[in-house]
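Heads up: the sequence lines are chains A and B, in that order. Quick note on numbering that gives the first Met the number 0: the first sequence kicks off at 0 and runs consecutively. Quick note on numbering that gives the first Met the number 0: the second sequence kicks off at 0 and runs consecutively. Since the structure comes first, as structure tokens, the remarks are kept for the end.
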Amino acid sequence: MRVIQNLKAIPKVQKFRYGMILLASMSLLGPLAFLPQLVGNDDLCGQLCMRRFYLYFPGMTWDDFFVHVNSAAIGVMAFALILITTLFFGRIWCGYLCPVGGLAELSSRMLNDRWKIEFRSLPQVQIRYGYFGFYLIAMPALGISACSLCNFITIPRLIEAMSGEYRGMIYLVSSVGLVNLALLLLLGVFASKGRAYCQFLCPIGAADSIVNRIGARLPFAHRIRVAKERCTGCNICARNCMCGAIKMVDKIAVVDQMSCMSCHECVDVCDWNALAWTAPPKHKHNSPKRIKKNTEIFPLPDWQAIHIHPVKENAEGRTVPQISGVSIFNAMVFLTVISVIIVGSFL
Amino acid sequence: MIRSFFLLFIFLLSFNVDAGPRYSDPDGCLSCHAYEGLNFIDENGVFRSATIDSEHYASSLHGSVPCKDCHREVIDYPHKVENTEVDCGASCHIEEPSEGVKYSHDVIHEEMDKSVHADGWYKGLTGGNRLEEVETEQDPSCRRCHSNTAYIAESQLEKFKEAFDHAETECGNCHQGKAWMGQFGGHILRRFVGRRWNNIENNQLCIQCHGDIEAMRDVTQEDKETHEKHPPSERFVQSSASYTKTLHGRLIDANSDFGASCIDCHAPEGWKHEIRAYTDEKSASHPDNLGESCGQSNCHGYTKKPGNEGFTMTDMHSLSLLGLHSMDKPLEDADLWESNWFRGALPLMVAGIALAIGSLAWWILYRTDKKIIAKFGGDRFERVMIGRKPKKARAKAAAKKPRVAKKVESTEAADTLKETTETVVKAKAATAEMKETPKKPDVENKVENNTVADIAKETTEAVVKKQASISEPAETPKKSDDSES
Chain A
0 MRVIQNLKAI PKVQKFRYGM ILLASMSLLG PLAFLPQLVG NDDLCGQLCM RRFYLYFPGM
60 TWDDFFVHVN SAAIGVMAFA LILITTLFFG RIWCGYLCPV GGLAELSSRM LNDRWKIEFR
120 SLPQVQIRYG YFGFYLIAMP ALGISACSLC NFITIPRLIE AMSGEYRGMI YLVSSVGLVN
180 LALLLLLGVF ASKGRAYCQF LCPIGAADSI VNRIGARLPF AHRIRVAKER CTGCNICARN
240 CMCGAIKMVD KIAVVDQMSC MSCHECVDVC DWNALAWTAP PKHKHNSPKR IKKNTEIFPL
300 PDWQAIHIHP VKENAEGRTV PQISGVSIFN AMVFLTVISV IIVGSFL
Chain B
0 MIRSFFLLFI FLLSFNVDAG PRYSDPDGCL SCHAYEGLNF IDENGVFRSA TIDSEHYASS
60 LHGSVPCKDC HREVIDYPHK VENTEVDCGA SCHIEEPSEG VKYSHDVIHE EMDKSVHADG
120 WYKGLTGGNR LEEVETEQDP SCRRCHSNTA YIAESQLEKF KEAFDHAETE CGNCHQGKAW
180 MGQFGGHILR RFVGRRWNNI ENNQLCIQCH GDIEAMRDVT QEDKETHEKH PPSERFVQSS
240 ASYTKTLHGR LIDANSDFGA SCIDCHAPEG WKHEIRAYTD EKSASHPDNL GESCGQSNCH
300 GYTKKPGNEG FTMTDMHSLS LLGLHSMDKP LEDADLWESN WFRGALPLMV AGIALAIGSL
360 AWWILYRTDK KIIAKFGGDR FERVMIGRKP KKARAKAAAK KPRVAKKVES TEAADTLKET
420 TETVVKAKAA TAEMKETPKK PDVENKVENN TVADIAKETT EAVVKKQASI SEPAETPKKS
480 DDSES
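This is the structure in structure tokens:
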């Protein structure tokens with residue numbers, strides 16, 4: 000009965016979201032694989048691959064790039080569609096549809112939180128783009144197949160294996176499959192809220208996040224926004240955010256649009272309506288709605304999407320954003336060096 | 000080569016010849032061989048047919064070539080079976096009209112001679128028993144792949160006729176005469192219009208033999224230098240099965256133009272017959288030549304440039320892509336335990352199993368707990384994302400109020416008697432305040448509470464045994480913790 004109560008306690012939007020993930024999983028993954036089979040595929044690879052065509056090989060020309068684009072044409076179209084929806088509505092694909100991150104998240108949510116690894120507090124933007132750069136540039140040159148650490152192979156194969164298909168089982172007992180399965184366990188099932196793979200390794204998510212961040216300034220963009228004057232600092236949103244995108248800065252929730260998936264959970268749990276998934280407000284910033292007896296009244300919330308939080312101070316005493324290009328570059332160099340050492344020791 | 004071919008084609012486009020009768024049989028072979036039921040039983044006891052369907056032959060690629068042009072040793076009747084052998088490398092009687100040179104397959108023959116398939120019966124093309132060849136020979140002869148297929152595919156016939164008519168009016172202006180149009184024009188046009196082989200069919204040709212795993216196991220390979228004979232590797236045996244699992248194979252299966260067929264990589268140059276072993280330095284699949292082979296037009300052009308050695312090393316026949324059922328010894332040590340991927344997986348798997356067991360155990364034992372902080376990284380999350388003080392600082396802050404813990408940690412109770420008496424009094428005052436607030440169960444701070452309580456116990460015993468009770472100072476840290484969060 001407790002299970003049913005717990006299920007009932009899930010906020011409405013989250014129920015919808017879980018349903019969408021399950022629906023997307025059923026139509027995109029085996030044994031039905033309804034959508035991939037429309038183009039004669041039974042998994043998310045080959046023509047449907049969204050993760051490979053932007054790899055940079057040394058000395059590559061535009062012609063080579065277009066060859067890559069053509070060979071995965073449907074994947075490219077899907078990728079473009081994802082980016083366009085992101086521009087308008089936030090990362091809907093990642094949060095609501097992606098069967099790969101979604102299934103890991105759902106399985107993680109069924110487990111006790113105590114024995115999970117809390118990845119959300121790591122500097123995820125730096126790590127993500129560090130790995131992204133490594134993935135785009137260093138991996139092709141080192142000769143590591145981009146497919147070898149790809150979750151978009153593992154999850155379909157895992158589902159195939161569970162539905163009794165032979166090829167899926169074969170993949171999961173191959174050595175590459177074992178590594179991927181272990182990664183899925185550590186970064187998915189046993190990660191707190193189950194989205195660590197999305198946060199750190201997913202190249203689609205990395206590209207998507209950039210669009211999400213760029214679009215956040217546009218006047219029509221729906222994003223998760225905070226009304227600072229309403230936030231009480233109760234930090235329930237930060238605890239529930241599956242991406243680790245909400246951080247309490249000076250006891251006020253601050254959304255990092257580089258990580259936010261617009262999953263809406265923070266809005267559902269906030270008791271003070273301090274967060275909302277909306278377009279920016281029409282009224283002018285900081286202008287009072289009316290002035291009554293020389294008192295400025297602010298009845299309208301000022302929905303803010305981007306907060307460059309002045310956390311660090313440099314030597315000159317100026318405040319700088321916490322996520323700087325330099326730190327991302329450092330992470331890229333660091334990850335590349337580590338990976339070269341690891342790969343070099345294997346070769 | 001292609002350019003000259005193209006120029007030739009341009010010439011040929013202007014032709015004016017009536018398509019003459021194509022059922023020529025100057026040697027009179029068909030007077031016997033056209034009979035249906037011309038069968039015999041050979042020395043192996045195999046029932047064989049010597050009937051030639053004249054219509055089928057005439058519509059084939061060699062339909063305009065008289066029998067004796069190839070079967071040269073057949074001079075009189077009756078002829079012996081051995082004399083029917085054909086040398087495909089010999090020059091034909093058909094002449095290339097513009098140059099007057101006799102046409103020959105010798106170019107291809109020379110190329111074939113360099114390839115791994117060189118030991119076949121390519122000189123005895125139609126001679127001998129086909130069944131015997133398949134059973135005894137591991138290398139293919141010409142005819143094993145080039146069955147005398149129909150001249151033009153039926154699907155292309157209309158297009159071909161159209162082009163042929165066009166050629167008569169256009170090309171025939173210059174290239175007049177039967178030789179051009181009847182014998183050569185059609186031949187060239189077929190190449191352009193009747194090109195009937197796509198990548199799927201090309202691969203099917205190779206898979207006919209290489210897909211037969213049992214037959215491939217029987218192949219003996221020879222070391223070029225030491226001439227030692229050895230059975231083939233599993234990688235060779237499974238080459239077609241593993242290829243179909245790669246992106247190349249999958250794209251071709253999906254009828255995409257972007258997949259690379261067998262020939263595209265193994266014999267990219269010339270007449271596509273020079274398939275060498277990958278250990279051969281001249282082979283297109285030799286590691287040194289891979290940059291050039293992968294970088295052919297329309298493929299991975301960047302591989303010709305330095306820095307892509309890693310990319311070209313990608314294994315296109317990797318056994319790890321195969322299912323266990325198709326392998327001889329699927330879980331050999333070398334395949335699994337000594338694989339770097341597997342070694343990499345082991346620690347990750349151990350961690351995964353530990354987390355799984357812990358998660359299950361915790362669910363059984365502590366599932367009613369409300370406040371849960373993750374074991375790994377939970378404290379960092381509280382600190383970085385929520386903005387609470389780190390665990391140690393929280394403990395310190397908890398101990399700060401009574402000021403007992405820090406002093407007594409130095410365990411010099413006798414020296415600090417005066418101070419401890421003061422702190423006990425303070426602690427008493429604090430507990431008096433605390434009594435008003437309701438008590439909450441707090442699992443997380445149990446450990447800290449106990450230590451503080453123990454310390455407080457020691458101190459209070461040292462000063463006045465009857466004054467302080469054990470539970471009172473235990474309440475003090477809770478207040479500080481609540482106020483903080």
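The beta carbon of each residue, even a glycine, is placed where N, CA and C say it ideally should be. Bear in mind that the values here come from a model prediction, so they are computed numbers and not experimental data.
List the whole-angstrom C-beta distance separating residue i from residue j, where the pair is believed to meet the contact cut-off of C-beta under 8 Å.
i, j, result
"Y134(A)", "P57(A)", "Contact flag wrong, Cβ pair sits at about 15 Å."
"L34(A)", "G74(A)", "Rounded, the Cβ-Cβ distance is 12 Å, inconsistent with contact."
"S140(B)", "E132(B)", "6 Å"
"A79(A)", "A215(A)", "Rounded, the Cβ-Cβ distance is 20 Å, inconsistent with contact."
"V225(A)", "A252(A)", "5 Å"
"S147(A)", "V175(A)", "5 Å"
Check whether the Cβ of residue i lies closer than 7 Å to any Cβ atom in chain A.
i, result
"I107(B)", "no"
"G351(B)", "yes"
"S358(B)", "yes"
"G377(B)", "yes"
"F341(B)", "yes"
"G309(B)", "yes"
"A373(B)", "yes"
"W120(B)", "no"
"R249(B)", "yes"
"A253(B)", "yes"
To the nearest angstrom, how far is it from the Cα of residue i to the Cα of residue j?
i, j, result
"M257(A)", "A77(A)", "21 Å"
"D112(A)", "C240(A)", "14 Å"
"M348(B)", "E117(A)", "18 Å"
"A103(A)", "Q237(B)", "35 Å"
"M347(A)", "G351(B)", "In the structure as shown, chain A begins at 0 and stops at 346. Residue 347(A) is therefore absent and cannot be evaluated."
"G386(B)", "F310(B)", "46 Å"
"V2(A)", "M109(A)", "10 Å"
"A160(A)", "T153(A)", "10 Å"
"M19(A)", "L96(A)", "6 Å"
"D63(A)", "H247(B)", "16 Å"
"M0(A)", "V188(A)", "24 Å"
"H145(B)", "D24(B)", "23 Å"
Taking Cβ-Cβ distances shorter than 8 Å, what residues in chain A pair up with residue i?
i, result
"G383(B)", "In the sequence under discussion, the amino acid at residue 383(B) is Val, which differs from the Gly named in the question. The answer, in chain order, is S120 and K246."
Quick one: is residue i near chain B, going by C-beta distance under 7 Å?
i, result
"W114(A)", "yes"
"V178(A)", "yes"
"A72(A)", "no"
"E117(A)", "yes"
"L86(A)", "no"
"G167(A)", "no"
"A181(A)", "yes"
"L110(A)", "yes"
"N234(A)", "yes"
Would you mind telling me which residues of chain B sit closer than 9 Å to residue i, beta carbon to beta carbon, in chain order?
i, result
"A275(A)", "What A275(A) touches in chain B: nothing, since even the nearest Cβ is about 21 Å away."
"K250(A)", "G386"
"L184(A)", "L347, M348, A350, G351, I352, L354 and A355"
Using alpha carbons as the reference points, say which of the options lies closest to residue i.
i, options, result
"F333(A)", "I91(A), G129(A), P122(A) and L180(A)", "G129(A)"
"V68(A)", "R90(A), G45(A), I223(A) and I83(A)", "G45(A)"
"R249(B)", "Y53(A), S70(A), L27(A) and L37(A)", "S70(A)"
"Y196(A)", "G243(A), Y53(A) and I169(A)", "G243(A)"
"D26(B)", "S53(B), H32(B), P65(B) and T50(B)", "P65(B)"
"G269(B)", "T278(B), S292(B), E280(B) and Y277(B)", "S292(B)"
"L82(A)", "A252(A), S208(A), S338(A) and T60(A)", "S208(A)"
"A57(B)", "E42(B), L29(B) and L289(B)", "L29(B)"
"P346(B)", "E264(A), L182(A) and A278(A)", "L182(A)"
"C514(B)", "K223(B), K271(B) and D256(B)", "Since the displayed chain B opens at 0 and closes at 484, residue 514(B) lies outside it and no answer follows."
Taking Cβ-Cβ distances shorter than 7 Å, what residues in chain B pair up with residue i?
i, result
"M59(A)", "Y301"
"A237(A)", "M384 and I385"
"G243(A)", "M384"
Output, in chain order, the set of chain A residues within a Cβ distance shorter than 7 Å of residue i.
i, result
"G489(B)", "Any property of residue 489(B) remains undetermined from this structure, which presents chain B solely from 0 to 484."
"T313(B)", "G142 and S144"
At a cut-off of 6 Å, is residue i close to the ligand NAP when judged by its beta-carbon and the heavy atoms of the ligand?
i, result
"P139(B)", "Of the ligands one can find in the structure shown there are none, so the ligand NAP has no counterpart to examine."
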